[in-house]
Amino acid sequence: MTAEPAGAASGLETFKLSDGRRLAYHVYGAPLQGAAQRAVLYFHGVPSCHMEAEALHGAAKALGLPVVSMDRAGIGLSDFKCCRGLATTADDARQLALHLALQRLVLVGTSGGGPYAAAFAALHPQGVEALVLVSAVGPTDWAHLPLLRAMHGADFLQLGLVRLPPLGGLWALHSLLGYMAKHHTQTLLEHAPEGMAAADAQVLRSDPAVRHAFGACLRHAYCRGARGMARDVRVLGGKWGVSLSDIQCRVMIWQGDQDRSVPVAHALWWAQQVPGSQLTVLPGEGHVTVLLRHAAAILEAAVHGAQQQPQQEAAQQPPG
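Using the UniProt record's numbering, you'd call the opening residue of the sequence shown number 1 and step up by one each time.
Take a look at the structure:
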């Protein structure tokens, strides 16, 4: 038996992709019960991992929804892939959905997971009943510099570093974050609230459960090094290569009006790019508090939106 890296989360399952890579995932919420069941496919932010979806566990279980959350390539226990993009990750997730026989999907993408969830909806629309974007980052390449300039703190820094050579600042930044997460977790948590919205800083400083979950999530995310996370950010900060006009399902956008990490300008961009989407801006909320405090409302709205989705193919055809 091969020992798992220090910091790896327990209870993970793995699935072998078509190219031989191992993809790690965890099922939160209700148990998986078959193809007729609606399920959430969750796309975590960055730096983060599948454990982020634990915030949905209680609300999802109450609604009878399984939440399948995976580590993207090179993050946590998922094997690294050198030249991946949004489409590559969407295909990894599609293979996982087929493996688990998930035929009725609600996609949830939070922060840096938003573009990955949107790519899945655009590239593999069959079976997708709703797309939920929570505090989702928009494009920050040269053509969208105003969206980058609107950001603050670590998110502005890491996406700004995309413009340096591949082995430059991004790798160094995430190597440092990974070292701190594994060896000096408490010090990292003490400084994490700096630059955050007041609501985010308050919950991270005052709630021991949130602090513990945040630290555990980062330790697992970096348990096999920094290159997967650095690649993840480089994908987000480059050209996406996905046509959002191909999204066919219901789209719901949730955003805190005090978010400094990914400010409201990003949510407005998403709403403009996806006609007919529903934008909900929550007063007083920051970046992480939207999911922490409003998980039930977000999932209930997603289920309602999915129920309005035409069912002629969604209930009968697998994603792909």
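For glycine and all other residues, C-beta sits at the position ideal for the given N, C-alpha and C.
Bear in mind the structure is a predicted one, so any value in this text is a computation, not a measurement.
Distance from the CA of Ser-48 to the CA of Gln-307, rounded to the nearest whole angstrom, comes to 30 Å. Classified as buried, Cys-249 has 16 or more neighbouring CB atoms from the shown chains inside 10 Å of its CB. The three-state secondary structure of Glu-190, taken from DSSP, is helix.
Here Ile-253 is bridged, per DSSP, to Leu-133 and Leu-279.
Setting aside the 5 residues that flank it on each side, His-144 is surrounded in the same chain by Gly-138, each with a C-beta closer than 7 Å to its C-beta; the list follows chain order. A distance below 7 Å between beta-carbons, with the five flanking residues on each side excluded, links Val-162 to the following residues of its chain, in chain order: Leu-170, Val-233, Arg-234, Gly-237 and Gly-238.
A direct Cα-Cα distance of roughly 31 Å separates Ala-150 from His-124.
In the same chain as Cys-217, and ignoring 5 residues on each side of it, the C-beta atoms closer than 7 Å to its own belong to Ser-48, Cys-49, Met-51 and Glu-52, in chain order. Apart from sequence neighbours up to five positions away, the residues of its chain that approach Ile-75 with a beta-carbon distance below 7 Å are Cys-49, Ala-221, Gly-228, Met-229 and Asp-232, ordered along the chain. Judged by DSSP secondary structure, Glu-13 falls within the beta strand (DSSP E) whose first and last residues are 13 to 16.
DSSP places Gly-29 inside the beta strand (DSSP E), whose first and last residues are 22 to 29.
Burial is judged here by how many other beta carbons sit within 10 angstroms of a residue's own beta carbon; Cys-223 has at least 16 and is buried.
The closest CA to that of Met-70, considering only Cys-82, Leu-63 and Ala-93, is found on Ala-93. Among the bridge pairs identified by DSSP, Pro-66 is matched with Gly-29.
Asp-200 counts as buried, since at least 16 other C-beta atoms from the protein chains shown sit within 10 angstroms of its C-beta.
Comparing alpha-carbon positions, the option among His-294, Ala-226, Val-67 and Ala-55 lying closest to Gly-29 turns out to be Val-67.
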